[in-house]
Each structure stands twice: as C-alpha cells, then as structure tokens.
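Asker: So the protein sequences, as listed, match chains A and B.
With this note's numbering applied, the first sequence corresponds to residues 152 to 361, in that order.
With this note's numbering applied, the second sequence corresponds to residues 152 to 361, in that order.
Just so it is clear, CB atoms sit at the ideal spot from N, CA and C, and this is done for glycine as well.
Number of protein chains: 2
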Amino acid sequence: MYTLYSDQRSGNSYKVRLALARLGIPYRLVEIDILRGESRTPEFLAKNPNGQIPLLEVAPGRYLAESNAILWYVAGGTTLAPEDRIARAEALQWMFFEQHSLEPNIGAAYFWLCLIKGGRELQRHALEDWLENGYRALGVMEMHLAKHRFFVGEHSTIADIALYAYTHLAEQCDFDLGRYPAVRAWLERVAGEPGHVPMEWQPEPLALAE
Amino acid sequence: MYTLYSDQRSGNSYKVRLALARLGIPYRLVEIDILRGESRTPEFLAKNPNGQIPLLEVAPGRYLAESNAILWYVAGGTTLAPEDRIARAEALQWMFFEQHSLEPNIGAAYFWLCLIKGGRELQRHALEDWLENGYRALGVMEMHLAKHRFFVGEHSTIADIALYAYTHLAEQCDFDLGRYPAVRAWLERVAGEPGHVPMEWQPEPLALAE
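1. What residues are listed by DSSP as bridge partners for Y178(A)?
2. If I measure Cβ to Cβ from E208(A) and keep anything under 6 Å in the same chain, skipping five residues before and after, which residues do I get?
3. Let me know the secondary structure DSSP gives L206(A) once reduced to three states.
4. With DSSP collapsed to three states, give me the class of L296(A).
5. Would H251(A) pass as an interface residue toward chain B - the criterion being a Cβ-Cβ separation below 8 Å?
6. Tell me whether the beta-carbon of G270(A) lies closer than 8 Å to the beta-carbon of W263(A).
7. Out of curiosity, what's the CA-to-CA distance linking P332(A) and R173(B)?
8. For R191(B), which option in P177(B), F247(B) and L206(B) has the closest C-alpha, if you only look at C-alpha atoms?
9. Rank A220(B), L296(B) and F326(B) by C-alpha distance to the C-alpha of V341(B) and give the top, closest one.
10. Check whether the segment 179-194 of chain B touches the segment 237-246 of chain B, counting contact only when three or more Cβ pairs, one atom from each stretch, lie closer than 8 Å.
11. Can you check which of these residues, P177(A), A226(A) and G188(A), is closest to T308(A) by C-alpha distance?
12. Quick one: what does DSSP say A170(A) is sitting in, helix, strand or coil?
13. Chain A partners of V209(B), CB-CB under 7 Å?
14. Give, in chain order, every residue of the segment 278-297 of chain B whose Cβ lies closer than 8 Å to some Cβ of chain A.
15. Counting only Cβ pairs nearer than 9 Å, list the residues of chain A close to G227(B).
16. In the DSSP assignment, the beta strand (DSSP E) including L215(A) goes from what residue to what residue?
17. Determine the DSSP secondary structure at G188(A), reduced to helix, strand or coil.
18. Rounded to whole angstroms, how far is the Cβ of I257(B) from the Cβ of L320(B), which I believe are closer than 8 Å?
19. In terms of residues, what are the limits of the alpha helix (DSSP H) holding M350(B)?
20. With a threshold of 8 Å between beta carbons, is Y224(A) in contact with chain B?
21. Given E344(A), which residues of its chain have a CB within under 8 Å of its CB, disregarding the five upstream and five downstream residues?
22. Give the secondary structure of A232(A) by DSSP, where H, G and I count as helix, E and B as strand, and everything else as coil.
23. Determine the contact status of V231(A) and W223(B), defining contact as a CB-CB distance below 8 Å.
24. Flag L320(A) as yes if its beta-carbon sits less than 8 Å from any beta-carbon of chain B, otherwise no.
25. Going residue by residue through the segment 232-262 of chain A, where are the continuous beta strand (DSSP E) segments of at least 3 residues, counting only ones entirely within it?
26. If we cut at 8 Å on Cβ distances, does N201(A) have a partner in chain B?
27. Check the Cβ-Cβ distances between F262(A) and every residue of chain B, and say whether any is below 8 Å.
28. Would you give the residue range spanned by the alpha helix (DSSP H) that T318(A) belongs to?
29. Over what stretch of residues does the alpha helix (DSSP H) that includes P354(B) continue unbroken?
30. Could you check which residue in Y317(A), K268(A), H276(A) and Q274(A) has the C-alpha nearest to that of M292(A)?
31. List, in order along the chain, the chain B residues whose C-beta lies closer than 8 Å to that of N219(A)?
32. Is it right to say A360(A) is buried, meaning 16 or more other beta carbons lie within 10 angstroms of its own, or is it exposed?
33. Identify, in the order they occur along the chain, each residue of the same chain with its Cβ nearer than 7 Å to the Cβ of L171(A), setting aside the five sequence neighbours on each side.
34. Helix, strand or coil for Q323(B), going by three-state DSSP, please let me know.
35. Is the beta carbon of G285(B) closer than 8 Å to that of A260(B)?
36. Keeping to the same chain, check which residues put their C-beta closer than 7 Å to that of A216(B); ignore five residues upstream and five downstream.
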C-alpha cells in the first residue's frame, strides 16, 4: 500500500489525494506540517532531499517527489491517463504548464495570503506580479476550455486534476474569475466527477502504528 | 517529419534539438526570434496560445508545447526513455524539478544577463533570489550526482537532457559551479555521450520552401 506524505493545506498535496480518491486507491496518509518545518527534518530530507511534499513511497524505501510525477505514476493504466501517445504528451504539456505558469503565481498567492499570518504585508511587492502572471495563465486555460470540456480528450484526466488544485483556490487569494466563464464551468465539471473529494477531505486512518 | 519551432538562444529549445540529435531523428527547423516578438504573432499564437517556444508539430496541424513534454514525446520507446514504471516516473520527477526549481532561476538569470542588453541593471533586484534559489537546486542535484552517474538509472535519459540545458549555461550567468564537483563531472559525462551537439549546433536546412 502507498504511503503519502502530505500537508492538508497544500494544493500540490491535494492533487495526489484527489487522484487517489477518484481512483478508489487506499493509502496510508502521513500529515507533514510544512509551516513547522516537518519537511526539513533530517528524517524527511533522507526521503526527499528537496524537502517538499507531497512525497509518495512507491515501494519499500523508494520515494517519488513532485506532485505531477506522482499523479502520472498513480494514474498509469487507469481512466485518468489519456490513451494514445499524443494525448499522453498533451497531458504532460498541461502539467508542465501548471508547474511553470500557474502554480508559481496562484500557488504563491495562496500560500502567502491564506496560510501565512502577515503574508500580505510581507509580499506586497510580489503580489502584483503573481496576479499579472496568474491571470495570463488563466487566459490560456480559458481559450482552451472555451472549445473543450476538459484539457485532453473527452473525459477528465490527470491534467485536469493538476490544474484544478490551485485554480479552485484562486478566488480565495485575490483572483477574480469573473472574466473566465469557461474556467468556472470547468471547475464545476471537475468537482462533479465521480469520486471527487474536496480539499478538506482525508482518508480514514489506516495504520496508526508503523 | 517533425517541424520544430525553436529559438537558437533558448535553453528550452536546445533540449529538444539535443534530444533529436542524440536520437538521430531528422526534422525541419523553423527559427523563431522571441526577442523580436515572433512567438507573439497571430500566426504563432494560433499554433501555441501560450506564445512560447519550443513547439513541435507532431502531426499535421497538431502542436505540442512545453520543452519537457516534447522530450517525453520524442523519446518514447527510445534509449533516452527509462524502462520501468518507477524509473519513468523518476525521470518526470526530475523534469518537473527542472521546470519548477532550476529553469525559473538559472534560465531567468541567463535570459536577462546574457540575452538582454542592460538586463543586469533592470533585474538587479531579482538576481539575488535567482542565485539563492538556483544554488539550492544545484545543491539537490549535487547530492544526487555524488552517488549516481546520471539522474535515473545507469545511462543518460531525457531527465539528464532536461537538466543539462540550463545547468551548462550557469557559469555564463554569475553562477559558480566550484562547490558542485559532481555536477561538473556530470556535465562532462553528458557532453561526452554519442550524438551530443553543442547549443550552437543546428541541423542542415531540410526544406527551405514551405
């Protein structure tokens, strides 16, 4: 059984919890409080030298980092993975877009405005850039979603899950989605998929003793 | 035959040219001058709404963006793709790391210090962050390469090509690799692989008339 190291408040962690819930795959959850430095302890750095969550133990002692690489791994061969070679590459295209153009902006705004007390004051100089670049990314998504129900093919895939995580938090951190009706409709479509769980959801404790 | 839209000075474009050269795959090259706005014309935006190179035409009228998604696509089934499921996910892990932790720092420093006249003055406030975060990424790479010849498995893969592109430019843009001996040895190993081409290399013109 997988063990997932996750912080409840992390959009990147939510991606993995959402994918596993959608797929009905049981796993053991280890909550890591990144704000208390629990991803920077010697024990955790031995598992992931980059000191980040989410982290998935895919085999005994073998750990996979980077939320979108984890999504790719757990979805392999399931309905969440696109079928043909071009579609699989297109899913990766959107997932790299997410990590390069969306998460560094909406994710950063979410972190500093919603999770860090006084963060808005501390990051006042950066917020304008996050908003400008985040809106630019949302514009690219809007253009695609104006013509397509999901990001790749006719049903939802890991590309949608990757992009959903921070997009669904955008309005909590100063972004106004009013000008993005196709994005809003897509958010509702993803949330309506069978097996969907909200960010607050956690699985039942499976193995408290290790 | 593939058509690749690329800017000669872009590390992200170099990744794709290097992978295609390593694999001996012929392609038609269309040079796009991003500094003259050629990736923001209506014609180009119709191919890639995100306005970025590299861009690969993978089938007539079907375009794939994001350098690492393109690497994944062209390397499928070749010696540059890792073999088993965990190793493939590990390659993606390093490729997402590259786009999230390395390219936004070393790539940004390279762009502003090496390509833009007066860029150093314009970005003086940002350079310190790029150096700090870029060194942090190089530190993670150093720890891995101190124990491994390549990033995934025993031979070089698309993960090495993705990370090579901007790492090999680091010393041109204020980074000192003196404290990263394993990274420097790995750069030499990658450059010594059969089929390797330097960033300046371009393929013979294949089809000047379209």
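Answerer: Result, derived from the coordinates:
1. Y153(A)
2. T154 and Y214
3. strand
4. helix
5. yes
6. yes
7. 44 Å
8. L206(B)
9. L296(B)
10. no
11. A226(A)
12. helix
13. I237
14. V291, M294 and H295
15. R236, R239 and A240
16. R213 to A216
17. coil
18. 7 Å
19. M350(B) -> no alpha helix (DSSP H), and no H or E assigned at all.
20. yes
21. R173 and S307
22. coil
23. A small fix is needed here, since residue 231(A) is Leu in this sequence, not Val. For L231(A) and W223(B), no; Cβs fall outside 8 Å.
24. no
25. none
26. yes
27. no
28. I309 to T318
29. That residue, P354(B), is in no alpha helix (DSSP H); it is neither H nor E in DSSP.
30. Y317(A)
31. L243 and F247
32. At A360(A) the pLDDT is 46, less than 50, meaning the model places this residue with poor confidence and gives no usable figure here.
33. Y178 and V225
34. helix
35. yes
36. N199, N201, Q203 and L206
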